[in-house]
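Participant: Protein chains in written order, with our numbering: chain A, -5 to 351; chain B, -5 to 351. All C-beta atoms, glycine included, are put in the ideal place defined by N, C-alpha and C. Shown below is the structure under consideration.
There are 2 protein chains.
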Amino acid sequence: MTDETQTPPKRPLTLRDVSEASGVSEMTVSRVLRNRGDVSDATRERVLEAAKELGYVPNKIAGALASQRVNLVAVIIPSLGNMVFPRVMTNISEALDQTPLQPVVGVTNYLPEREEKVLYEMLSWRPSGVIIAGLEHSDASKAMLRGAGIPVVEIMDTDGTPIDSVVGISHRRAGRMMAEAIAKAGYKRIGFLGTKLSLDHRARKRFEGFTEALAKAGLEIADQEFYEGGSSLQKGREMTEAILKRTPDLDFLYYSNDIIGAGGLLYCSDHGIDVPNKVGLAGFNDISMLKGFSKRLATMDSGRGEIGTKAAEIIAARVEAGDEGMTEGKGVRIELTPTIDFGDTLRKRPSEAAYPE
Amino acid sequence: MTDETQTPPKRPLTLRDVSEASGVSEMTVSRVLRNRGDVSDATRERVLEAAKELGYVPNKIAGALASQRVNLVAVIIPSLGNMVFPRVMTNISEALDQTPLQPVVGVTNYLPEREEKVLYEMLSWRPSGVIIAGLEHSDASKAMLRGAGIPVVEIMDTDGTPIDSVVGISHRRAGRMMAEAIAKAGYKRIGFLGTKLSLDHRARKRFEGFTEALAKAGLEIADQEFYEGGSSLQKGREMTEAILKRTPDLDFLYYSNDIIGAGGLLYCSDHGIDVPNKVGLAGFNDISMLKGFSKRLATMDSGRGEIGTKAAEIIAARVEAGDEGMTEGKGVRIELTPTIDFGDTLRKRPSEAAYPE
DNA sequence: GGGGCCGATGTTAGCGATGACAGGCTTTGC
DNA sequence: GCAAAGCCTGTCATCGCTAACATCGGCCCC
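See the structure below:
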């Protein structure tokens, strides 16, 4: 009886099955399926039909092994819960869509040992490039990245020494800029609210830049409040309440991200606190989802969209050039400039004179 | 520690390099690195040292081809911007952490043709299982899923016929439940605000269930407002303004998700609209990040955390059982019960009698 | 003391694709 | 009319690793 192939797939299909079904060699089938080399229209059609008929899906594992080419780009980020990273991912995907490359995500949860593990796993698939958040990695991770012989782009942060290429902003500078704006606006009693800084290096650097620039203006942090775990409006609200109860004379609150900052804003509205005159507020990251509050929270754009795009482009260019390694001065360095958005919660000048809205 | 490891990687390392460095056969090295079979402690140690010294990272491509085992689970979701999906992902990752399996994400942007492409790409890596959002797929996608010979779990939605296993809630039922609560609370003039429903099947089903149950209560949708693109508070705010200007006598607004619902809530607060008495509000999905508003938006928990965990467990169990196919009645069906959270924006009974809080 | 067995290692043959090259069969140019 | 130059297709070796089996000394036990 003829093998009418509606049969449930006992054994996964291979090129051979298609080649037999269409009466040509495996090689020809392979050529058709990859659109490579010359194949007559007649056979091409016959092969395609057979492949579709059988429902053949090529085995990239075998393909990659044979061709020594794996069109994957490892993207390693700390978290998916942070909104910033999905955004970066989206841009990376879009940029890579123009190329044969494809992103694969790995999540580290801000833990160096997890980063190491994830990196190892990813590298064992021999990707064509790596995009990884941050400049701080364990020695083992650094060694792996260097040894992989593929382009590496570290993203988000530029305060440090990159392994290869880097695209990001200086978080120290971002912190300084915000501090300068705050000092210039005449705020004096400044509170900081953020994550426990130990593992979030970028938040830490912003904090450092922030205190440094405050110091230069003759100011210092009057109180601070830390939290662990994911960000939420609720947490911002609670922390704001706590810090204001403890230190009622604070006149500015700097949050390490927009989510908790927005929570603080809600707290202030609910309690009739005059923002930005009694208390000023600022966050970080320009989470567009949050636009829509009655007052726009002052924040800073970290250029995360562009970061993703640029990083992907660097990888794509290097892979296309066949120059997969990171010889000589191939490393690109792109430092974007963060821009401050005063919103409605950060005055532009001292409040002595009242500026009606 | 000799720093001879500075060797610039000319040619990627293979098992052979390690085997030569440690003076045993490749096979033995392979055994050591996989912890399989008996190897004497002496050689094990020698091999491990050599591997570390060289910075060897095994090639999973070759390993997978040889062993016919790829410990990846394809997870296909519509978007990373939606918060719901990162949450599901997180739970899947956690559940798979107990196993040798690893998730790999693909994003479809709610487009069937992209879903098809992403699925094809993923299947060509021969994963051990597939977790895919929704029950609606193109014929080609369905054929691929059926033909892949691996366990498939469709998640989020149970209204329809699964290919294999399914874990989720009935969105029709969720819509009905909300409609019943609204009707019971005595709201009469109901508005709906949501995405253009064409491609978001789950939102569509909620809408259908919602109108159906309203009809049963003798009510109908008085007005509706649709949007495209990502959700944001701003969008919720604008849509709310639009619908209320057009149909000022609406006394309830049902939003297709919490983000735009929260935007509506902000609009109402700002305009002194008495919620929930003049107008009631409800969203969907219980986005915990949004807790912290002065009023808690009524919403519904879709059990997305549990969905991820259960889906991963189903795959893991099937893979472990070596029963990778989906023969007979292997398909598991888990329908979770959505729970309604009245928050502060949905009355529990008609407002004739005033119930002080 | 020799058969049996076991632990430790090596040998061989693929896994399913692709690269390089080797042909047949047509065309083309002069 | 015949060599050179295509097209189109096939053969063969290989990618780096692992399954399965083969091998080789002990060690145990009757």
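Chain A partners of Q425(B), CB-CB under 7 Å?
Facilitator: Absent from the model: residue 425(B). The displayed extent of chain B is -5 to 351, so no value can be given.
Participant: Who does M150(B) pair with in a DSSP beta bridge?
Facilitator: Here residue 150(B) refers to the residue found at position 156 of the second sequence. Answer is G162(B).
Participant: For Q96(A), return the contacting residues in chain B, with the cut-off set at a CB-CB distance below 8 Å.
Facilitator: Locating residue 96(A) in the first sequence gives position 102, counting from the first residue. Residues of chain B passing the Cβ test: E115.
Participant: K54(B) versus chain A: which residues are under 7 Å apart at the beta carbon?
Facilitator: Along the second sequence, one-based indexing puts residue 54(B) at 60. Going along chain A in sequence order, the residues near K54(B) (Cβ under 7 Å) are S118 and W119.
Participant: Any beta carbon of chain A sitting closer than 9 Å to that of L59(B)?
Facilitator: Counting from 1 along the second sequence, the entry for residue 59(B) is found at position 65. Taking Cβ atoms only, chain A reaches closer than 9 Å to L59(B), which makes this a yes.
Participant: Return the CA-CA distance between P344(A) and D245(A), expressed in angstroms with no decimal places.
Facilitator: Within the first sequence, the letter at position 350 stands for residue 344(A). Within the first sequence, the letter at position 251 stands for residue 245(A). Their Cα atoms are separated by approximately 12 Å.
Participant: With H, G and I counted as helix, E and B as strand and the rest as coil, what does DSSP make of Q62(A)?
Facilitator: Counted from its first residue, the first sequence places residue 62(A) at position 68. In the structure shown, Q62(A) sits in coil (DSSP, three-state: anything other than H, G, I, E or B).
Participant: Mind checking who V124(A) pairs with in its DSSP beta bridge?
Facilitator: Here residue 124(A) refers to the residue found at position 130 of the first sequence. A68(A) and V146(A), per the DSSP bridge assignment.
Participant: So I301(A) and M150(A) are supposed to be a Cβ contact under 8 Å. How far apart are they, rounded?
Facilitator: One-based indexing of the first sequence puts residue 301(A) at position 307. One-based indexing of the first sequence puts residue 150(A) at position 156. So it is a contact: roughly 6 Å between Cβ atoms.
Participant: Please state if the CB of S159(A) and the CB of I144(A) are separated by a distance shorter than 9 Å.
Facilitator: Locating residue 144(A) in the first sequence gives position 150, counting from the first residue. Locating residue 159(A) in the first sequence gives position 165, counting from the first residue. No.
Participant: Beta-carbon of A89(B) versus every beta-carbon of chain A: anything under 9 Å?
Facilitator: Counting from 1 along the second sequence, the entry for residue 89(B) is found at position 95. Output row for A89(B): interface = no.
Participant: Within this structure, are the beta carbons of E115(A) and Q62(B) separated by less than 9 Å?
Facilitator: Within the first sequence, numbered from 1, the residue matching residue 115(A) stands at position 121. Within the second sequence, numbered from 1, the residue matching residue 62(B) stands at position 68. Not in contact: E115(A) and Q62(B) (Cβ atoms no closer than 9 Å).
Participant: What's the call for T22(B), buried or exposed, on a 16-neighbour Cβ count within 10 Å?
Facilitator: The residue you call residue 22(B) lines up with position 28 of the second sequence. Buried: at least 16 other Cβ atoms inside 10 Å.
Participant: Please identify, using Cβ separations under 7 Å, the residues of the stretch 71 to 86 of chain B that lie next to chain A, in order along the chain.
Facilitator: Correct list: L74, G75, P80, M83 and T84.
Participant: Inspect the beta-carbon positions of A236(A) and G255(A) and report whether they are closer than 9 Å.
Facilitator: Within the first sequence, the letter at position 242 stands for residue 236(A). Within the first sequence, the letter at position 261 stands for residue 255(A). No; because the gap between Cβ atoms is not below 9 Å, this pair is not in contact.
Participant: With a 10 Å radius around its C-beta and 16 neighbouring C-beta atoms as the bar for buried, classify N279(A) as buried or exposed.
Facilitator: Sequence index remark: in the first sequence, residue 279(A) carries index 285 (1-based). The residue in question, N279(A), is buried, as its Cβ has 16 or more Cβ neighbours within 10 Å.
Participant: Which chain B residues sit within Cβ distance under 8 Å of V273(A)?
Facilitator: On the first sequence, residue 273(A) is found 279 positions in, with the first residue counted as 1. Within chain B, no residue comes near V273(A); the closest Cβ sits about 17 Å away, beyond 8 Å.
Participant: By the criterion of Cβ-Cβ separation under 8 Å, what are the contact partners of R231(A) in chain B?
Facilitator: The residue labelled residue 231(A) in the question sits at position 237 within the first sequence. The answer, in chain order, is G286.
Participant: In chain A, which residues lie less than 7 Å from I176(B) when you measure between Cβ atoms?
Facilitator: Counting from 1 along the second sequence, the entry for residue 176(B) is found at position 182. Those within 7 Å of I176(B) in chain A number zero; the least Cβ separation is about 24 Å.
Participant: When you compare only the Cα positions, how much space is there between E43(B) and K304(A)?
Facilitator: Position 49 of the second sequence, counted from the first residue, corresponds to residue 43(B). Position 310 of the first sequence, counted from the first residue, corresponds to residue 304(A). Those two C-alpha atoms are separated by around 39 Å.
Participant: E206(A) to R198(A), Cα distance in whole Å?
Facilitator: Within the first sequence, numbered from 1, the residue matching residue 206(A) stands at position 212. Within the first sequence, numbered from 1, the residue matching residue 198(A) stands at position 204. Distance between the alpha carbons of E206(A) and R198(A): 12 Å.
Participant: Interface residues of chain B around L260(A) at Cβ under 9 Å?
Facilitator: Translated into positions along the first sequence, residue 260(A) becomes position 266. Result: G286, F287 and S288.
Participant: Quick one: does S296(A) have its CB under 9 Å from some CB of chain B?
Facilitator: Residue numbering aside, residue 296(A) sits at position 302 when the first sequence is read from its first letter. No, S296(A) does not count as interfacial toward chain B.
Participant: In angstroms with no decimal places, state the Cα-to-Cα distance between T133(B) and F186(A).
Facilitator: As a first step, residue 133(B) must be located in the second sequence, where it is residue number 139. As a first step, residue 186(A) must be located in the first sequence, where it is residue number 192. Note that residue 133(B) is Asp in the sequence shown, not Thr. Those two C-alpha atoms are separated by around 55 Å.
Participant: Work out the CA separation of S118(A) and A77(B) for me, nearest whole Å.
Facilitator: Walking along the second sequence from the start, residue 77(B) turns up at place 83. Walking along the first sequence from the start, residue 118(A) turns up at place 124. This sequence places Met at residue 77(B); Ala is not what is there. When rounded, the distance between both Cα atoms is 30 Å.
Participant: Note the first and the last residue of the continuous alpha helix (DSSP H) segment covering G203(A).
Facilitator: Position 209 of the first sequence, counting from 1, holds the residue named residue 203(A). Run containing G203(A): H195 to K210, per the alpha helix (DSSP H) assignment.
Participant: Which residue from P332(B), L259(B), S225(B) and M138(B) puts its Cα closest to that of L238(B)?
Facilitator: Sequence index remark: in the second sequence, residue 238(B) carries index 244 (1-based). Of P332(B), L259(B), S225(B) and M138(B), the residue nearest in Cα terms is L259(B).
Participant: Any C-beta of chain B sitting closer than 9 Å to the C-beta of A142(A)?
Facilitator: Locating residue 142(A) in the first sequence gives position 148, where the first residue counts as 1. Yes, A142(A) lies at the interface with chain B (some Cβ there is under 9 Å from its Cβ).
Participant: Does the Cβ of F201(A) lie closer than 8 Å to at least one heavy atom of the ligand SAH?
Facilitator: As far as ligands go, the structure on display features none, and thus does not contain the ligand SAH.
Participant: Apart from the five residues just before and just after V273(A), which ones in its own chain have a Cβ nearer than 7 Å to its Cβ?
Facilitator: Residue mapping note: residue 273(A) aligns to position 279 of the first sequence, counting from 1. The residues are L244, D245, F246, L247, C262 and I267.
Participant: Select from S87(A), Q92(A), P80(A) and D91(A) the residue whose C-alpha is nearest the C-alpha of V101(A).
Facilitator: Here residue 101(A) corresponds to residue number 107 of the first sequence, with the count starting at 1. Closest option to V101(A), Cα to Cα, is P80(A).
Participant: Taking C-alpha atoms, which residue in P242(B), M283(B), L66(B) and L193(B) lies nearest to F220(B)?
Facilitator: Taking the first residue of the second sequence as 1, we reach residue 220(B) at position 226. Closest by alpha carbon: L193(B).
Participant: Going along chain B in order, which residues have a C-beta closer than 9 Å to the C-beta of V101(A)?
Facilitator: As a working note, residue 101(A) is residue 107 in the first sequence. Those within 9 Å of V101(A) in chain B are M83, T84 and S87.
Participant: Alpha carbon to alpha carbon, how far is R140(B) from D153(B)? Give it in angstroms, no decimals.
Facilitator: As a position in the second sequence, residue 153(B) is number 159, starting the count at 1. As a position in the second sequence, residue 140(B) is number 146, starting the count at 1. Those two C-alpha atoms are separated by around 19 Å.
Participant: Looking at the structure shown, is M294(B) part of a helix, part of a strand, or coil, going by DSSP?
Facilitator: Locating residue 294(B) in the second sequence gives position 300, counting from the first residue. Here M294(B) sits in strand by DSSP.
Participant: Quick one: list the residues of chain B neighbouring G257(A), beta-carbon separation under 7 Å, in chain order.
Facilitator: Within the first sequence, the letter at position 263 stands for residue 257(A). Chain B residues near G257(A): G286.
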